[in-house]
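When you number the sequence shown by my numbering, it's gap-free, plus one each residue, and the end is 1715. This report concerns only the one structure given below.
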Amino acid sequence: MRRFIKSLTGKAFAQVVILSLLIPSISLAIATRAAAQVAVLPSWAVVQFTNLKSPGTTYGQTVAEDIGSDLSDTGQYDVTPQEQIDSAVTALGISMPPANLMNLLRLGQQVKASTVVWGDIPDYRILHVEGGKEAKATVRAIVYDVASGLAVNGSIVQAVSTIRPLDVSDDTLIKDALQVAASQAVQTIQNKTLPTATVLNTYNTTALINHGSRSGFTVGQEVIVLRGREQVATARVSDVEPDSANISTERSYKGIQPGDHIRAIFTVPDIARVAPNGDITITKKKSAQFPSGILTVALLLGVLAVILQPQNASGQSVLGSVTNQATLDVTLLPAVNINWAPNGFAKGTSQRIEWQVWRSDVQTNPVLVVDGGNTSTQDTTYGTPLGFNYTNFNGLVGGTQCNETGYNQSTATVPVPGVIAGRPYVYSVELVYALSSLDLPGGVSTTGTGTGTGTTTGTTTGTGTTTGTTTGTTTGTTTGTTTGTGTTTGTGTTSGTGGTGGVETCYFLSSRTAASGQATPLTRPVLTSPAQNTQESVSKPVPFQWNSVIGATGIAVRYVVQLSTSYGFPAATTYTFPASNPNPAGGTITFQGSPWATGMPGYLRAAGTIFWRVGAQNPQDNPGPVVDPTTGLRYIFSAPSVILAAGTPPGAP
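Here it is as structure tokens:
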């Protein structure tokens, strides 16, 4: 053996053995490297944002491009090129920015993206500061899962540009601020993005996934369950381990199975208020509670009760209430806030597509279309002079048939006038929602049909004629054989089977729910006297004057005068004179009162500086204007003004 090992043949044999032992390891390394090289990144598309302040500008596209570039730079996403998005927009015949969530999802499907980022620009403005000027801009970015249509992530950020000299253009500063906001929005979204988990195994209504607290999953976390590009369930994390977690099914469309993917949902915030200086107040929406157990069955029965009504029936309302309240928009012009509260029927639908908001003075079409994930909107004096797209069901509410082509996705625009100050309005809301065709009677949405012609073969022995005639459905084959003398007619048998259509998304419209009272947008009162920082005697009434908010409508308006020792008018240091209802003819209104009079609160009588303002409302409105956050009153308030105590006049000599 020793001589064999030292021989040339032995050495060659040893090398072959060594190589055969190394081949599996080398192959594994090569395969691992190849797998890493072909790893597929999640496909994200970013579309043009909606400019809420100045529609028609290019700022929305600028923000989309900035966010797309920042996402691409992370190396974690395959961001769809803008050219591909433009081609898809042309192919679908939709407008940019998208008019509604449905068009957004259609665009995402067209470019084969799993995720679409869309949002809006609520506000931007130029601020003059020491040494020059700067821009302040607000951007709201929302991340949508294309398969489910749900908003799964999002961010609201406000950013300022660098301070530039006064001769720098406003456009340059605004784009600078928007770019900073876009970068911050991507960072926030990144921080809240959890890895996609995989279902390892299932048991009854629970499933085990391969990510846990180390990856960021927490108890109560809402998730959606995906199979390829299709949503199959919604669930919630029930308990968590460091590297695994259990989820409990809350609604199942096709059942969860091993290999399905899990995507976490984060609550998308909303803007509650934009202050005159451009600062924003952010509120988070309450997490949606998916129905489960017996409640799921009850809600499903309720949904079926809605959709199984005869066509053109009144249908079931999906809203518990609608309220409309007068307010001021971000530019301090008259506006109306519309809020609605979905009930159990709305939660029972598999997908809210969009809310359509109607106004009492426009009978032919809605005045606003709102993303299905929202429950509020604002109607302003601007209106939509360029028009917008809306879903027209031609009066059909509910229904039992899935007719996808009946869902009007027309790109025709419908101009809508804005609200007019002093004119009362009543708003109503309806929901465009989607159901799987599996939820409809019959289990599937369509049945394919086909028409074919069979073939007959006749054989005759002797003298005769054979004729075969067959009509089949889809595809049929007939064979007839005849033996005889004279004239014979052969008869064949044909069988055909119609094709069956697959699962479709079916669109329906709910009945319309109106607000219980009216809302009257009003211009902000303008104070005329006393002028700012005027000194007033503490020994006689002060004549407070302001311009009437009544326009040509001639409604009766109620006013209140408020005095405070603080610019913010906190309730603890604010006095409100009893409300007055002056003549509705308009003009200048005068009110006599003094913060230093006997019987006034001590904090006013001792103050040298007094802030005053005037509030206006239409007393016929219900519930009235948006509540003032400090005093709790429902009035449209003027900007504050200041009066100063002049002191006690000297006595007679």
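Note that beta-carbon positions come from the ideal geometry of N, C-alpha and C, so glycine has one too.
{"Query": "If you draw a straight line from the alpha carbon of residue 1670 to that of residue 1599, how long is it in whole angstroms?", "Result": "11 Å"}
{"Query": "Under a Cβ-count criterion, where at least 16 other Cβ atoms within 10 Å of its own Cβ denotes burial, should residue 1657 be classed as buried or exposed?", "Result": "buried"}
{"Query": "Which one of 1396, 1414, 1395, 1453 has the shortest CA to CA distance from residue 1420?", "Result": "1453"}
{"Query": "Excluding the 5 residues flanking residue 1196 on each side, which residues of the same chain have their C-beta closer than 6 Å to its C-beta?", "Result": "1189, 1222, 1223, 1225"}
{"Query": "Would you call residue 1325 buried or exposed, if buried means 16 or more other Cβ atoms sit within 10 Å of its Cβ?", "Result": "buried"}
{"Query": "What would DSSP say about residue 1556, mapped onto helix, strand or coil?", "Result": "Its pLDDT being 37, under 50, residue 1556 is placed unreliably in this model, and the value from its coordinates should be taken loosely. Residue state, collapsed to three classes: coil."}
{"Query": "Buried or exposed for residue 1682, please, with buried defined as at least 16 other CB atoms from any protein chain shown within 10 angstroms of its CB.", "Result": "exposed"}
{"Query": "For residue 1102 and residue 1137, what's the separation of their Cα atoms in angstroms?", "Result": "12 Å"}
{"Query": "Can you tell me where the beta strand (DSSP E) with residue 1198 in it begins and where it stops?", "Result": "1194 to 1207"}
{"Query": "Please state whether DSSP places residue 1719 in a helix, a strand or coil.", "Result": "Lying outside 1063 to 1715, the shown extent of the chain, residue 1719 is not represented and no answer is given."}
{"Query": "Which value, in whole angstroms, describes the spacing of the CA atoms of residue 1320 and residue 1208?", "Result": "22 Å"}
{"Query": "Taking three-plus beta-carbon pairs below 8 Å as touching, is the stretch 1633 to 1643 in contact with the stretch 1693 to 1703?", "Result": "yes"}
{"Query": "Check whether the stretch 1234 to 1252 touches the stretch 1296 to 1306, counting contact only when three or more Cβ pairs, one atom from each stretch, lie closer than 8 Å.", "Result": "no"}
{"Query": "Would you list the one or two residues that DSSP bridges to residue 1423?", "Result": "None; residue 1423 has no bridge partner."}
{"Query": "DSSP three-state label for residue 1566, please.", "Result": "coil"}
{"Query": "In whole angstroms, give me the CA-to-CA distance for residue 1323 and residue 1106.", "Result": "17 Å"}
{"Query": "Could you tell me which residues DSSP puts in a beta bridge with residue 1637?", "Result": "1625"}
{"Query": "What are the residues that DSSP puts in a beta bridge with residue 1699?", "Result": "1677"}
{"Query": "Just tell me which of 1589, 1390, 1146 has its CA closest to the CA of residue 1653.", "Result": "1589"}
{"Query": "Enumerate in chain order the residues of its own chain whose CB-to-CB distance from residue 1687 is below 7 Å, with the five nearest sequence positions on each side excluded.", "Result": "1387, 1388, 1389, 1679, 1696, 1697, 1698"}
{"Query": "What separation, rounded to the nearest whole angstrom, lies between the Cα atoms of residue 1539 and residue 1178?", "Result": "Residue confidence is low: residue 1539 scores 39 on pLDDT, short of 50, so the model does not pin down where it sits. No coordinate-derived value is stated."}
{"Query": "With distances taken Cα to Cα, identify the nearest neighbour of residue 1440 among 1450, 1413, 1489, 1285.", "Result": "1489"}
{"Query": "Hey, residue 1279 and residue 1182 are a contact pair by Cβ (cut 8 Å); roughly how many whole angstroms apart?", "Result": "About 30 Å separates the two Cβ atoms, so there is no contact after all."}
{"Query": "Check each candidate in 1176, 1231, 1606, 1199 and name the one with the smallest Cα separation from residue 1205.", "Result": "1176"}
{"Query": "Once DSSP output is grouped into helix, strand and coil, what is the label at residue 1386?", "Result": "strand"}
{"Query": "Go ahead and pull the three-state DSSP assignment for residue 1080.", "Result": "helix"}
{"Query": "Could you tell me the boundaries of the alpha helix (DSSP H) in which residue 1401 lies?", "Result": "It is not in any alpha helix (DSSP H) - residue 1401 instead sits in the beta strand (DSSP E) that spans 1396 to 1404."}
{"Query": "Any heavy atom of the ligand PLP within a distance shorter than 7 Å of the CB on residue 1237?", "Result": "This structure lacks the ligand PLP; in fact it carries no ligand of any kind."}
{"Query": "Whose CA, out of 1198, 1147, 1152, lies closest to the CA of residue 1180?", "Result": "1147"}
{"Query": "Kindly indicate which residue of 1271, 1151, 1149, 1127 has the alpha-carbon position closest to the one of residue 1141.", "Result": "1127"}
{"Query": "To which residues does DSSP link residue 1381 through a beta bridge?", "Result": "1404"}
{"Query": "Helix, strand or coil: how does DSSP classify residue 1220 here?", "Result": "strand"}
{"Query": "Could you name the residues of the same chain whose beta carbon sits closer than 8 Å to that of residue 1431, not counting the 5 residues immediately before and after it, in chain order?", "Result": "1161, 1162, 1416, 1417, 1418, 1419, 1450, 1451, 1452, 1453"}
{"Query": "For residue 1077, is the classification buried or exposed, using 16 other Cβ atoms within 10 angstroms of its Cβ as the cut-off for buried?", "Result": "exposed"}
{"Query": "Within the same chain, show all residues whose beta-carbon is closer than 7 Å to that of residue 1349, passing over the 5 residues directly before and after it, in chain order.", "Result": "With a pLDDT of 42 at residue 1349, under the threshold of 50, the predicted position of this residue should be treated as unreliable, and no value is reported."}
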